[in-house]
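Some notes on the structure that comes next.
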Amino acid sequence: MPDATKVAQATEADVLTVKDYKSGDKPIWCPGCGDFGVLSATYKALAALQLQPKDVVVAAGIGCSSRTPYFMSTFGFHGVHGRSLPIATGMKLANPDLTILVMGGDGDLMSIGAGHFPHAAARNVDITCIMMDNQTYGLTKAQASPTSSMGHKTKSTPYGVIAKPMAPVLFALANGATFVARGYSAKPNDLTDLIVQGIKHPGFSFVHVQSPCAEFFNTYDFYDEHIEELPSDWDQQDLKAAINLALTEEKVHLGVFYQEERQSFGAAVRQFEPEGKQFDLAEYLQRFS
Ligand SMILES: Cc1ncc(C[n+]2csc(CCOP(=O)(O)OP(=O)(O)O)c2C)c(N)n1
Ligand code: SF4
Ligand SMILES: [Mg+2]
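Quick note, the sequence shown lines up with residues 0 to 288 if you use numbering that gives the first Met the number 0.
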């Protein structure tokens, strides 16, 4: 949540550092939670871009990961479960100069919120969606999530998960996201770079982050063994190659899978606005009275 004194102190001339993006509320995550690495990378990315906290909003739903706005000095919106993307879409349309981040979990974005994801991607809403994927519902104590592996036993799946796990990177590519990347919370510097690129990209940026739940589903050893950087000569314009790579299950690739320039939703919508017309709230509300 924004700290008014901090926002007021940060003048345009100041050089902003990581501490300027901290709210002062310490994260209440469990020791070892991957979300610490994601939060740290997000602070560093905002500092690298020298964005004023007052010009940034973090929209989130519900979950351990969705608590992120509380730990940031930016503006924040802790909404209802699964609805961060439509909330962020509205914010961006109404305030195109704001930098909007959506931060949440695999449950929030790929389960209850999955219906919103394809539309935000296809419309190319100019926001950056950072998904902290721990393959479980951490907040509600470890039920299976849409990204849990087949056979994974939990209280909600005592005989093991029988569904094929969703592949968030593949889902984003298939639905027209114009920037798609994957990072790992235990590599916060590389993740910082991906978030910087995502924010700079003018369109829907999806940064899928493997962010283990140390408390209920500790996958650090698995990811330490299975992650692999994308080749240095990877062609980020080749959608078919990106889709093929996203289908691979043997390795968990990190880096920018795909990037494309396409008109953003906001730019497309504004084309239809009469030149110079100011939004009149009273006139607008009159239509519904
Ligand atoms: C409408 C609604 N349904 C269900 C819940 C219960 N609930 C809270 S968080 C959550 C899942 C959280 O999982 P995820 O988004 O992956 O976040 P994590 O805690 O793993 O970071 C659920 C099912 C809720 N709060 N609201
Ligand atoms: S329950 Fe898991 S996801 Fe939630 S704070 Fe603890 S380690 Fe992180
Ligand atoms: Mg989760």
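Note that beta-carbon positions come from the ideal geometry of N, C-alpha and C, so glycine has one too.
With a threshold of 7 Å, the Cβ atom of residue 34 does not count as near ligand 3, since no heavy atom of the ligand is closer than that. By the beta-carbon neighbour count (other beta carbons within 10 angstroms, threshold 16), residue 100 is buried. Under the DSSP assignment, residue 129 falls outside any alpha helix (DSSP H), being part of the beta strand (DSSP E) whose first and last residues are 127-132. Look at residue 91 here: in three-state DSSP terms it is helix. Annotation for residue 205: the continuous beta strand (DSSP E) segment containing it runs 204-209. Distance from the CA atom of residue 251 to the CA atom of residue 146, rounded to whole angstroms, is 13 Å. Distance between residue 242 and residue 37, taken at the CA atoms: about 25 Å.
DSSP places residue 70 within a helical segment (H, G or I) once states are collapsed to three. By the criterion of at least three beta-carbon pairs nearer than 8 Å, the region 126-139 is in contact with the region 210-227. Short of 7 Å from the beta carbon of residue 20, and not among the five residues preceding or following it, lie these beta carbons of its own chain, in chain order: 42, 45, 46, 52, 71, 72, 73. Rounded to whole angstroms, the Cβ separation of residue 206 and residue 127 is 7 Å, and the two are in contact under 8 Å. Around the beta-carbon of residue 162, fewer than 16 other beta-carbon atoms lie within 10 Å, marking it exposed.
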